[in-house]
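Engineer: Residue numbers (the numbering used here): 84 to 461.
To start, I am sharing the structure in question, which I have written as C-alpha cells.
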Amino acid sequence: MNNRIFSVSDARKLARRRLPRIIFDFIDGSAGEETASELNVEMVEALRLVPRVLVNVEQRNLRKTLFGQTWNLPFGIAPMGMCNLTWPDADAMLARAARHYAIPLGLSTMASSSIEKTAERAGENAWFQLYVGQSEEVAFHLVKRAETLGYSSLILTVDVPGIGARPREQRHGFQSPFRIRPKQFLDFALHPRWSLTTLKRGVPRLANVNVPGGVEFKRDETRGRMDWDFLARLRDRWPGNLIVKGVLGCDDAVRIRDAGADAVCVSNHGGRQFDSAPAAIQVLPQIRAAVGPDYTLLFDSGIRSGEAVIKALALGADFVLVGRPFLYAMGAGGYAGLQEVIELFRTQIDIGLAQLGCPDIDDVDASYVLPASLPGGR
Ligand SMILES: Cc1cc2nc3c(=O)[nH]c(=O)nc-3n(C[C@H](O)[C@H](O)[C@H](O)COP(=O)(O)O)c2cc1C
Numbered sequence: 084m085n086n087r088i089f090s091v092s093d094a095r096k097l098a099r100r101r102l103p104r105i106i107f108d109f110i111d112g113s114a115g116e117e118t119a120s121e122l123n124v125e126m127v128e129a130l131r132l133v134p135r136v137l138v139n140v141e142q143r144n145l146r147k148t149l150f151g152q153t154w155n156l157p158f159g160i161a162p163m164g165m166c167n168l169t170w171p172d173a174d175a176m177l178a179r180a181a182r183h184y185a186i187p188l189g190l191s192t193m194a195s196s197s198i199e200k201t202a203e204r205a206g207e208n209a210w211f212q213l214y215v216g217q218s219e220e221v222a223f224h225l226v227k228r229a230e231t232l233g234y235s236s237l238i239l240t241v242d243v244p245g246i247g248a249r250p251r252e253q254r255h256g257f258q259s260p261f262r263i264r265p266k267q268f269l270d271f272a273l274h275p276r277w278s279l280t281t282l283k284r285g286v287p288r289l290a291n292v293n294v295p296g297g298v299e300f301k302r303d304e305t306r307g308r309m310d311w312d313f314l315a316r317l318r319d320r321w322p323g324n325l326i327v328k329g330v331l332g333c334d335d336a337v338r339i340r341d342a343g344a345d346a347v348c349v350s351n352h353g354g355r356q357f358d359s360a361p362a363a364i365q366v367l368p369q370i371r372a373a374v375g376p377d378y379t380l381l382f383d384s385g386i387r388s389g390e391a392v393i394k395a396l397a398l399g400a401d402f403v404l405v406g407r408p409f410l411y412a413m414g415a416g417g418y419a420g421l422q423e424v425i426e427l428f429r430t431q432i433d434i435g436l437a438q439l440g441c442p443d444i445d446d447v448d449a450s451y452v453l454p455a456s457l458p459g460g461r
C-alpha cells in the first residue's frame with residue numbers, strides 16, 4: 084500500500100476500487116447534477132499563485148494559532164457523519180491522526196462515535212458539530228454533554244434545513260441507519276474485505292442522537308426550524324468558541340459575527356446540499372471584505388491539495404477544513420492511507436510556501452494570487 088498515494092486523485096481512485104459502490108457514492112456524491120461540488124474543485128484549481136523569488140525560505144512555518152490554540156498545520160478534519168462506513172475504525176483513525184498531527188477534528192452529530200469516546204480519543208483536538216433537528220431539547224442536551232466534557236469549540240451547521248437530494252444515494256437506496264439490502268449483495272460480494280470487516284465489527288450506528296427521554300434524531304427529518312433566535316439562545320448557553328458553518332452570503336456572515344459567534348465557516352457543504360450554490364471559494368474574498376480583516380473565517384469545500392489550502396488562506400481564510408480527501412484516504416488504505424494524505428498535504432504546503440517565496444503561512448495573502456485567475460478577475 085505504501086507510497087501509492089501521490090495525490091488526492093490517487094486516494095480517490097483506490098477508494099473507488101476498494102469500497103462497495105454504495106459507500107463510495109455516499110462519500111463522493113453531491114446534490115443534484117453535482118455541479119456545485121465540481122465547481123468547488125475547479126475554481127480552487129483555476130486560481131494561480133505568483134511566486135516571489137530571491138526570498139530566503141530555508142526555515143518555514145506551517146503553524147497556525149486559532150482560538151488561542153496553536154495547531155501544527157493550517158487545516159483540520161471537517162465534521163463528517165457516518166465515517167465508520169468508510170472503514171469500521173475510521174472515527175478512531177481520525178482522532179488518532181488529529182492528536183498525532185496536532186490538528187482539529189470535527190465530530191459530527193451524525194458520527195458513529197460518541198462525544199464521550201471522541202473526547203477520550205482526541206482530547207483538546209476535538210470540536211463538536213451540532214445539527215438541530217425537531218427537538219431543541221435534544222440539541223441542548225448534546226451541547227451540554229460537549230461542554231461538560233471540556234470541548235472548546237462548537238460548530239453549528241446551518242446549511243442543512245433538510246438532507247440534500249443526492250441522486251447517487253437515491254439510486255442505491257442509501258439509508259441511515261445503514262441497512263444492508265438484497266440489492267447490494269453483489270456490490271458487497273465484490274468487496275469482501277470491506278464487507279467481512281464491517282460484518283465482523285457490526286454495521287455502524289449513530290452514537291449521539293438518541294437522548295434518553297428525548298425525541299430520536301433522524302437523518303431525514305426536517306432541520307428547518309433553526310433560526311436567528313436559536314443562534315442567540317445557543318450563544319447564551321455555549322460558553323466556548325462558536326463557529327457557524329455553511330455560510331455563503333456576506334450579509335449572513337456579518338449578522339452572525341454581530342450575533343456574537345466567534346467564527347464563520349464559509350462552506351457549501353462540499354456541494355452536498357444545494358446544486359445551485361456558488362463555489363465556496365467564489366464568495367470567500369467578498370465575505371472577508373464584509374466581515375473585516377480581524378474576524379475569524381474558516382473555509383471548506385473543494386480543497387484537494389496543500390496548494391489549495393494555501394489558496395484559501397490567500398483569499399481570506401484563517402484556517403481550512405478538509406472533508407472527502409480524508410475519507411478517500413481511509414477507504415484507500417486505512418490509517419496508513421490517512422497518514423499518507425495528511426503528509427501529502429503537509430509536504431505540498433511546505434514546498435508551496437518555498438515556491439511562493441513566503442516562508443510563514445501567516446503571511447500568505449491575496450497579493451500572491453494572480454488577479455486574472457480570481458473569479459471574475461481581469
Ligand atoms: C460523507 C460526508 C459526510 C458529511 N457529514 C457532515 C456532517 O455530519 N456535518 C457537517 O457539518 N458537515 C458534514 N459534511 C460536510 C463537511 O463537513 C465539509 O463541509 C465538506 O466535506 C467539505 O467539502 P470537501 O469534501 O470538498 O472537502 C459531510 C461531508 C461528507 C463528504
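Just so it is clear, CB atoms sit at the ideal spot from N, CA and C, and this is done for glycine as well.
It should be emphasised that the depicted structure is a prediction, and the values quoted were computed from it without experimental measurement.
When you measure from the CB of Gly307 to every non-hydrogen atom of ligand 1, does any distance come out below 6 Å?
Structural biologist: No; taking the cut-off as 6 Å, the Cβ of Gly307 has no heavy atom of ligand 1 nearer than that.
Engineer: By the 10 Å Cβ neighbour count, where 16 or more other Cβ atoms means buried, how is Ser350 classified, buried or exposed?
Structural biologist: buried
Engineer: So the alpha helix (DSSP H) Ala373 belongs to, where does it begin and stop?
Structural biologist: Ala363 to Val374
Engineer: Using the C-alpha atoms, what's the distance from Ile160 back to Phe409?
Structural biologist: 8 Å
Engineer: When the Cα atoms are used, what is the spatial distance from Ile198 to Gly459?
Structural biologist: 43 Å
Engineer: So, Pro103 versus His274, is the Cβ gap smaller than 7 Å?
Structural biologist: yes
Engineer: Would you identify the three-state DSSP class for Ser236, choosing helix, strand or coil?
Structural biologist: strand
Engineer: Whose C-beta lies closer than 7 Å to the C-beta of Arg99 among residues of the same chain, with five residues either side of it excluded?
Structural biologist: Phe107
Engineer: What's the C-alpha gap between Ser92 and Pro171?
Structural biologist: 23 Å
Engineer: According to DSSP, is Ala61 helix, strand or coil?
Structural biologist: Outside the displayed range of the chain (84 to 461) lies residue 61, so it cannot be described from this structure.
Engineer: For Leu97 and Gln365, what's the separation of their Cα atoms in angstroms?
Structural biologist: 30 Å
Engineer: For Pro244 versus Gly307, is the C-beta distance shorter than 7 Å?
Structural biologist: Closer than 7 Å, so yes.
Engineer: Give me whichever residues DSSP pairs with Trp210 in a beta bridge.
Structural biologist: Gly189
Engineer: For Trp321, tell me which candidate among Leu237, Trp277 and Cys166 has the shortest Cα-Cα distance.
Structural biologist: Leu237
Engineer: In or out: Thr169 buried (at least 16 other Cβ within 10 Å) or exposed?
Structural biologist: buried
Engineer: With distance defined between alpha-carbon atoms, name the residue in Asn324, Thr305, Ala290 and Ile339 nearest to Leu314.
Structural biologist: Ile339
Engineer: Would you say Gly414 and Gly353 are within 7 Å of each other, going by their C-beta atoms?
Structural biologist: no
Engineer: Is there at least one non-hydrogen atom of ligand 3 closer than 6 Å to the beta-carbon of Ala161?
Structural biologist: As for ligand 3, it is missing from this structure, which binds only ligand 1.
Engineer: Report the option in Thr118, Gly332, Phe357 and Ser90 whose CA atom is closest to the CA atom of Gly247.
Structural biologist: Phe357
Engineer: Are the CB atoms of Glu207 and Phe109 nearer to each other than 7 Å?
Structural biologist: no
Engineer: Using CA atoms only, rank isn't needed, just tell me which of Ser259, Trp210, Ala395 and Met309 is closest to Ile326.
Structural biologist: Trp210
Engineer: Can you say whether Ala114 is buried or exposed, counting buried as having 16 or more other CB atoms within 10 angstroms of its CB?
Structural biologist: Burial call: buried.
Engineer: Alpha carbons only, please: which of Asp334, Ser195, Asn155 and Asp433 is nearest the one belonging to Tyr184?
Structural biologist: Measuring from the Cα of Tyr184, the nearest candidate turns out to be Asn155.
Engineer: Measure from the alpha carbon of Asp334 to the alpha carbon of each residue in Asn324, Asp312, Ala373 and Pro368, then state which is nearest.
Structural biologist: Ala373
Engineer: Excluding sequence positions up to five away, which residues of its chain have a Cβ less than 6 Å from the Cβ of Asp401?
Structural biologist: Contacts found: Thr379 and Leu380.
Engineer: What are the start and end residues of the beta strand (DSSP E) that includes Trp321?
Structural biologist: That residue, Trp321, is in no beta strand (DSSP E); it is neither H nor E in DSSP.
Engineer: If you measure from the CB of Gln422, is any heavy atom of ligand 1 nearer than 6 Å?
Structural biologist: no
Engineer: Find out if the Cβ-Cβ distance for the pair Ala290, Ser196 is shorter than 7 Å.
Structural biologist: yes
Engineer: Taking buried to mean at least 16 other C-beta atoms within 10 Å of its own C-beta, is Ala272 buried or exposed?
Structural biologist: exposed
Engineer: Can you grab the Cα-Cα spacing for the pair Asn85 / Ala419, in whole Å?
Structural biologist: Note on Asn85: pLDDT 46, under 50, position unreliable in the model; the coordinate value appears next. One C-alpha to the other measures close to 8 Å.
Engineer: Just to confirm my understanding: we take Gln258, look at its own chain, exclude 5 residues before and 5 after, and list those with CB closer than 7 Å. What are they?
Structural biologist: none
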